[in-house]
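The structure appears below as structure tokens.
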Amino acid sequence: MDSLTHIVLGAVVGEAAVGKKMGNKALVYGAIAGSLPDFDVFVARFFDPVDALFVHRGFSHSLFLLVILAPLAAYAVKHFSHNPRLTMLNWLALIGLPWLSHILVDIFNTYGTAILEPFSHARISFDSVPIVDIFILLVLAAAVVVILLAKRKNVLRKMAAWASLSLTIAYFGTSAIIKTCVDGETRKSLMAKGATYTRIHSTPLPLTNLIWMVVVEDSSGYTISQKNLINGKTTHKAYLARNEGLLKGCENNNNMGKLLNFTRGFYTVEKSSNEHLKIYDLRFSSLAGVYPQAFVFMFEVNCNDGKLLDHPAHPSRGIIPRNVKNLWNSLWQS
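Structural data, given as structure tokens:
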């Protein structure tokens, strides 16, 4: 999820854990603890750009690191805080639960989260919630506002925290069910048409869970469409050839192999005017209207050495007023 969502989620979890004993300070500690895994973005700067793609949401997001560091952090904070109201178990809950919440919600995004490191390099992703989801953000932010305005012993604090967390859990669970339905309906439609395909990738557009990008892979490329859950319509957007032939001569390049592994095989290749290659990762859609430019990740690569010449250090998801307006209008088209 985006940084702001992790902050407000961590704050609400902190309140639910020890808010009655600690008051608004629980929000602060929870927000910090809930943001800790994403400090890997600073570590990634010291790596080769291709390797940095795997540093983010890698070991920093593992359950192993959480189990090792959360108790140590809780002990250190308890030692320096001198707060007799909080036991070691309270501090562990305040540090560990927001941290855990960060890891758990991230696996619902498309990027993939290596929660099993160092025992497995597999990246888990349910692809059912956009990295920026306005509904979840507003629900949790509203809860934080209520908690801040209410006094420490006011029952509204507890109600706001648990209601928002319950709604968040239900939302994430529902998103996984929706994805299963979208994939199932897509397969059913393809079978009815007698179309051949190899894989399907579906994920919601930024901000909402009501419009989904669906990528259907065949032997030579990908059909890109968007499915509106409100009116049930599927709109064809583009067909993109994979163009893997442009990668000829790059097969033995280690960096190129890593880059294609990052895309999980959902990519299209273009040759730029300067003979470099542009590789688009088809798993991430922005709100921009035209594919392949609407894909969040585009890598410009020198095929000779696999060096990234241009890469999205801060990828844009096209969340600008014009695109948001178009998204809103498309939701209600008949």
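Residues in the sequence shown are numbered consecutively from -10, following my numbering. We put the beta carbon where it would ideally sit given N, CA and C, even for glycine. None of these values were measured; they are calculated from a predicted model.
Unbroken beta strand (DSSP E) run spanning residue i, endpoints
i	result
lysine 237	From DSSP, lysine 237 is part of no beta strand (DSSP E); its letter is neither H nor E.
leucine 271	266 to 274
leucine 25	Neither: leucine 25 is in no beta strand (DSSP E) and is coded neither H nor E.
valine 204	200 to 206
Close Cβ partners of residue i (< 6 Å) along its chain, the five nearest in sequence each way excluded
i	result
proline 119	Pro193, Pro195
phenylalanine 97	Phe115, Ser117, Val118, Phe161
leucine 175	Checking the sequence shown, residue 175 turns out to be threonine, not leucine. Contacts found: Ile189, Val203.
aspartate 29	Val44, His45, Ser49
heavy atom of the ligand ZN below 6 Å from residue i C-beta
i	result
proline 60	The ligand ZN is not part of this structure, which contains no ligands at all.
Residue i - containing alpha helix (DSSP H), residue span
i	result
arginine 146	144 to 182
serine 319	310 to 320
valine 17	14 to 22
serine 214	Segment 210 to 217 is the beta strand (DSSP E) holding serine 214; no alpha helix (DSSP H) there.
valine 7	-8 to 11
lysine 247	243 to 251
proline 193	Where proline 193 is concerned, there is no enclosing alpha helix (DSSP H), although the beta strand (DSSP E) it sits in stretches over 188 to 193.
leucine 61	52 to 70
alanine 82	77 to 95
Residue i, buried or exposed, once every other Cβ within 10 Å from all chains shown has been counted against 16
i	result
proline 73	exposed
lysine 168	buried
glycine 326	Because residue 326 is not part of the residues shown, which for the chain are -10 to 323, the question remains open.
phenylalanine 311	Residue identity check: residue 311 is arginine in the sequence provided, not phenylalanine. By the 10 Å Cβ count, arginine 311 comes out exposed.
isoleucine 309	exposed
threonine 163	exposed
alanine 15	buried
threonine 99	buried
asparagine 143	exposed
alanine 150	buried
glycine 85	buried
tryptophan 317	exposed
valine 340	Not covered by the structure: residue 340. The range shown for the chain is -10 to 323.
glycine 101	buried
serine -8	exposed
Of the listed residues the options, nearest to residue i (C-alpha basis)
i	options	result
histidine 91	Ala111, Ser49, Leu78, Ile57	Ser49
valine 56	Val205, Glu233, Leu105	Leu105
lysine 250	Ala132, Thr157, Arg112	In the sequence as displayed, the identity of residue 250 is asparagine instead of lysine. The option with the nearest alpha carbon to asparagine 250 is Arg112.
tyrosine 211	Tyr280, Asn143, Ala165	Tyr280
alanine 283	Met180, Ser261, Glu289, Pro304	Pro304
glycine 238	Tyr64, Thr257, Leu266, Phe255	Leu266
glutamate 264	Asp270, Leu52, Leu236	Leu236
glycine 234	Glu289, Pro38, Val258	Val258
threonine -6	Lys260, Leu93, Val313, Arg146	Leu93
aspartate 122	Thr197, Ser178, Arg146, Val128	Thr197
threonine 224	Lys216, Arg231, Ala230	Lys216
Same chain, Cβ closer than 8 Å to residue i, neighbours up to 5 away in sequence not counted
i	result
lysine 10	Arg74, Leu75, Asn79
isoleucine 200	Pro193, Leu194, Gln215, Lys216, Asn217, Leu218, Leu316, Ser319, Leu320
tyrosine 228	Gly210, Tyr211, Thr212, Ile213
Own chain residues within Cβ distance below 7 Å of residue i, not counting five before or after
i	result
isoleucine -4	Ala20, Gly23, Ser24
alanine 33	Ala41, Val44, His45
alanine 59	Leu81, Ile84, Gly85, Trp88
Beta carbon proximity, residue i to chain E, threshold 7 Å
i	result
glycine 47	Here there is only one protein chain, and chain E is not present.
Quiz item: Is the segment 166 to 185 touching the segment 261 to 280 in the sense that three or more CB pairs, one from each, lie closer than 8 Å?
Solution: no
Quiz item: Contact between the segment -1 to 11 and the segment 22 to 29: three or more CB pairs below 8 Å?
Solution: yes
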